[in-house]
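First up is the structure itself, then whatever we jot down about it.
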Amino acid sequence: MSGDVEWVDEEAGPVVRPYAVTGGRTRSSSATFDLLSMAVATGTPISAGAHLGFQHRRLLHLVRRARPIVEIASDSGLPIGVIKVLLGDLLDHGLILVRSPIPAASAPPESLLRELISGLRAL
Numbered sequence: 001m002s003g004d005v006e007w008v009d010e011e012a013g014p015v016v017r018p019y020a021v022t023g024g025r026t027r028s029s030s031a032t033f034d035l036l037s038m039a040v041a042t043g044t045p046i047s048a049g050a051h052l053g054f055q056h057r058r059l060l061h062l063v064r065r066a067r068p069i070v071e072i073a074s075d076s077g078l079p080i081g082v083i084k085v086l087l088g089d090l091l092d093h094g095l096i097l098v099r100s101p102i103p104a105a106s107a108p109p110e111s112l113l114r115e116l117i118s119g120l121r122a123l
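Here the sequence shown is numbered in the UniProt record's numbering, starting from 1 and rising by one per residue.
Shown next as structure tokens:
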């Protein structure tokens, strides 16, 4: 797909198949992304050797502030698989940072919960 040309049909919407947007790739060349991972643009200028299409540049615009990957997919209107491949390209070029979601805190020990309940009953 060439630089800034978006292939659309006024009535039908996008007419470019997702595999054409990703160059036929179904997986990112970088690490896999969790749907709740946060992506944000680094602000690094795009190098002359980076062959990024319209959708890459559009995603860079969407991640000016940190956003979850699932939200990026929703706002872009592209399938999540396509988003992962395109974000992988941007990550490879150093144009974005991706952070894994913070794991949920582990449950407190049962003894602590029992002490809390006892303390509340004593009030």
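Cβ atoms here follow ideal geometry from the backbone N, Cα and C, with glycine treated the same way.
{"Query": "Using only CA atoms, which one of L35, L91, R25 lies nearest to A50?", "Result": "L91"}
{"Query": "List the residues that DSSP assigns as beta-bridge partners of A41.", "Result": "I96"}
{"Query": "Please determine, among S118, G53, L36, the residue with the shortest C-alpha to C-alpha distance to R67.", "Result": "L36"}
{"Query": "In three-state DSSP terms, what is R58?", "Result": "helix"}
{"Query": "Taking the Cβ atom as the reference point for each residue, do L87 and Q55 lie within a distance shorter than 8 Å?", "Result": "no"}
{"Query": "By the 10 Å Cβ neighbour count, where 16 or more other Cβ atoms means buried, how is D75 classified, buried or exposed?", "Result": "exposed"}
{"Query": "On the DSSP letters alone, give me the boundaries of the alpha helix (DSSP H) that D75 sits inside.", "Result": "69-76"}
{"Query": "Are L95 and T44 touching if we call contact CB-CB under 8 Å?", "Result": "yes"}
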